[in-house]
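Numbering (our numbering), first residue to last: -17 to 41. Written out below as structure tokens is the structure these notes cover.
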């Protein structure tokens, strides 16, 4: 999950500058993608933490 933003760093500027967008709009779009990932995962943080703890204790 954390590799997705790292892969987007070199890809997004080249893609959007080729289409004629400005640097500020590229930054805004990248921030929107990162925020949407956080918002999408937020409701599942407690069940995921519980599941990960159960799996670690089970071996």
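By construction, the Cβ of each residue, glycine as well, lies at the ideal position given by its N, Cα and C atoms. Predicted model only: the values in this text are computed from it and were never measured.
{"Asked": "How is residue 39 classed by DSSP in three states: helix, strand or coil?", "Found": "helix"}
{"Asked": "Determine the direct distance from the alpha carbon of residue 19 to that of residue -3, and round the result to whole angstroms.", "Found": "20 Å"}
{"Asked": "Would you give the residue range spanned by the alpha helix (DSSP H) that residue 12 belongs to?", "Found": "5 to 23"}
{"Asked": "Taking 7 Å as the line, does the beta carbon of residue -10 fall inside it for any heavy atom of the ligand FAD?", "Found": "In the structure on display, the ligand FAD does not appear, and there are no ligands present to speak of."}
{"Asked": "Between residue 11 and residue -6, how many whole angstroms is the CB-CB distance? I'm expecting something under 8 Å.", "Found": "7 Å"}
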